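One structure is given below, encoded as structure tokens.
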Amino acid sequence: MNAGPPARRRGSLDLGGAAAAWVCAVTTLLAVGAAVCSPVSTEPHRRNDPQAFLEKYGYLHPDNHIHNTAEVQSAIREFQWLSRLPVTGQLDGATLTRMAEPRCGVTDEGTHDLWAQRINLIFTGRTAPAGRPALRKKRSSSPQGDKWYKRYLTYQIVNWPRHLSPGPVRLAVRTAFQLWSNVSGLVFREVPGGPADIRLAFYKGDHNDGASNAFDGPGGTLAHAFLPQRGEAHFDMSERWTLNGHKGHNLFMVTAHEIGHTLGLEHSPVRHALMSPYYRRLGRNLVLSWDDVTAVQQLYGEREGKPLGGRPVSLPGQVLGWGLRDWELAEVHHGNPDTTQPLYCQGVFDAITMDQNNTVVVFRGSVYWTVPSNGNVSGPFPLRRRWPHLPLAVEAAAFSPLDSKWYFFKGKRTWRYSDSALDPGFPRQNSELGLPHHPDCAFYYATLGHMVLFKGSRYSVLNVETLRSEPYYPRRLSDWSGLPPGSNGALARPDGRLYLFREQRFWRFDPVKVRVTRQGHWARDLGWTGCRNTPLSNEIL
Ligand SMILES: [Zn+2]
Ligand SMILES: [Zn+2]
């Protein structure tokens, strides 16, 4: 069996003195901040442990967890190079932040050498022997080499993610394979049963490819795959997978990346490469970068026939975005035939708010639902029919009773409406208003008299009268004692209490006691979400 990516098997983690000593050594490398020799966390995934990270992703040998300062600095420099950060050799804030970003679970070991060889081939024009650059590291020395020696490959979707219907998932996977066949000599065909060259499957936690390959729940490692000819791509079942532009991780983008590994590609240091180890949103740009195309063509050659004017087809993300939105709409209108619940009750939503009549409005993808005080849900309604000029989906939404206006947030911009009319001058850049990009949620908070936006571990406060961020913000989310980061939405109820939603759970924050006073499952426990009187599937509980 190929011993290549996702990562080499590692023995059980020694959390004793050696590891603690290492943390002390590293903290002394910190350029700024109070360096404290804290004991290593015994949290099972050790997500915030730089040593575990550098070992898992191939920058440090994992054998005994003992590394000298020179090794550590060199590993950090290599990581910074691949991550396109300033190469300082120090565990600075930007480096630690990048380590915490969602990414592929495949090791980065060998990326630098392979990339150098790829570039060398471009300039020298020589083709790689046996389709593979000659100086490849011996790490994954499969006797047959890390590529397929046939042109026609079959694939199979073994099981399905939660909250997405098989039809759109199948289309997304087919399109992801097509990205690669469009620019190479490969041809792919789905086989629903029987043997297949490449199998795609969703797993939770440890799934029998080694403790270091166990999935880690939402965020962190999203997926991993094996080099040829093992033909396996695994996805973390616990992620919130999406196909539309709304919150969560785009399954199409991650599938296309993991397929690259199953074809023999490793990670790329190029900023917009699909094979960059970090999660990339589906944007307007081409999904495949020049480096992705070069890498697959060096292995398998160019597409034969070149039927489209001699140019390989590399689809821009925007075109795919339109297609994915249509699939999502089909899911909203035809999905979940077994229940009368609105679709959002079974899973997740993008944003939630409440208008001046205490009607709750729930947003998901390109549609919304309304829940008046009696709990009777109406919808889904097309988002852009009520609020023309909005993007295909929003990331945060809030009605402000102070000025009776609707605020919507998506990407780098803010939209403001008086009823259904977009206010002059909008959409505006969040940077002009002093707000973060891609906020998690937004809500009007009477206690402060302002709009509040959460983003990761920080929050900002927008003065809706001046349309400026209040001074001294953003501040840390820990001001809101007990509220978790990464929420889907939040709203304040008429009694002033704040409800924060993340996946299926909610947290109620009391502004007087300044702490969380209740937690639970919103679809089951909160009648005003419009879900309580309908049956729940086991997935929610
Ligand atoms: Zn990867
Ligand atoms: Zn796996």
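In terms of the UniProt record's numbering, the sequence shown opens at residue 1 and continues consecutively. Backbone N, C-alpha and C fix where the C-beta goes; we use that ideal spot for every residue, glycine too. This structure is a prediction, so every number in the text was calculated from the model and none was measured.
- Looking at C-alpha atoms only, which residue of T353, S457 and W528 is the closest neighbour of T97? S457
- Cβ neighbour criterion (16 or more within 10 Å) applied to R281: exposed
- Task: Using the beta-carbon of each residue, find all residues closer than 5 Å to any heavy atom of ligand 1 and list them in chain order.
- Result: C104 and V106
- Message: With a threshold of 7 Å on Cβ separation, who are the neighbours of A21 within its own chain once the five nearest residues in sequence on each side are excluded?
- Response: Unreliable positioning characterises A21 in this predicted model, as indicated by a pLDDT of 35, which lies under 50. A coordinate reading is not provided.
- Message: Going by beta-carbon coordinates alone, are P427 and W415 separated by less than 8 Å?
- Response: yes
- Task: In angstroms with no decimal places, state the Cα-to-Cα distance between A52 and D63.
- Result: 12 Å
- Message: If you reduce the DSSP assignment to three classes, tell me which class C345 lands in.
- Response: helix
- Message: With DSSP as the reference, identify every bridge partner of S268, one or two as the case may be.
- Response: Per DSSP, none; premise fails for S268.
- Are V296 and S373 touching if we call contact CB-CB under 8 Å? no
- Go ahead and pull the three-state DSSP assignment for A176. helix
- Message: Distance cutoff 8 Å, beta carbons only. Does L263 sit that close to anything in chain D?
- Response: Protein chains in the displayed structure number just one, and chain D is not present.
- Message: Quick check for students: name the residue ranges of the beta strand (DSSP E) that lie wholly in the segment 197 to 260, counting only runs of 3 or more.
- Response: 198 to 203, 221 to 225 and 232 to 236
- Message: Would you call the segment 393 to 411 in contact with the segment 450 to 464, where contact means no fewer than 3 C-beta pairs closer than 8 Å?
- Response: yes
- Item | L498 and F506 closer than 8 Å at C-beta | no
- Message: Within a Cβ cutoff of 6 Å, which residues of the same chain sit near K410, ignoring the five residues on either side of it in sequence?
- Response: P391, V394 and E395
- Task: Round the Cβ separation of L200 and V158 to the nearest angstrom and send it over; I've been treating them as touching at under 8 Å.
- Result: 6 Å
- Item | Secondary structure, alpha helix (DSSP H): runs of 4+ residues fully inside the segment 423 to 507 | 430 to 433
- Skipping 5 residues on each side, what residues in its chain have a beta carbon closer than 6 Å to that of E101? Y278
- Of the choices D146, W522, H234 and G496, whose alpha-carbon is the least far from that of H207? H234
- Query: So, using beta-carbon positions, are S268 and D292 closer together than 8 Å?
  - Reply: yes
- Query: Residues in its own chain within less than 8 Å of G530 by CB, not counting five upstream and five downstream?
  - Reply: P342, C345, V360, V362, W369, V371, G375, N376 and V377
- Report back the beta-carbon spacing between F349 and G489 to the nearest angstrom; my notes put them in contact at under 8 Å. 6 Å
- Mind reading off the beta-carbon distance from F509 to W480? Whole number of angstroms is fine, and I expect it under 8 Å. 6 Å
- If you compare alpha carbons, which of G210, K150 and R493 is closest to L187? Checking the sequence shown, residue 187 turns out to be Val, not Leu. Answer by Cα proximity: K150.
- Task: Starting from the C-beta of W522, find all residues in its chain whose C-beta is less than 8 Å away, skip the five residues before and the five after it, and write them out in chain order.
- Result: Y499, F501, Q504, R505, F506, T529 and C531
- Coil, strand or helix - Y279 by DSSP: coil
- Query: When DSSP labels each residue in this structure, what does R532 get in the three-state scheme?
  - Reply: coil
- Item | Alpha-carbon to alpha-carbon, L483 and V512 | 15 Å
- Query: Secondary structure at Q90, three-state DSSP: helix, strand or coil?
  - Reply: coil
- Message: DSSP has E190 in a bridge; who is on the other side?
- Response: Y155
- Straight-line CA distance for N68 to F79? 17 Å
- Task: Report the rounded CA-to-CA distance for L453 versus H112, giving the unit in angstroms.
- Result: 39 Å
- Query: Cβ-heavy atom distance between N376 and ligand 2 below 7 Å?
  - Reply: no
- DSSP three-state assignment for R8, whether helix, strand or coil: Low per-residue confidence applies at R8: pLDDT is 33, beneath 50, and the placement is therefore not dependable, though the value from the model is reported in the following sentence. In this structure, R8 counts as coil in the three-state DSSP scheme.
- Query: Span of the beta strand (DSSP E) holding R364?
  - Reply: V360 to R364
- Task: Determine the closest residue to N120 out of P195, Y417 and Q298, with distance taken between C-alpha atoms.
- Result: Q298
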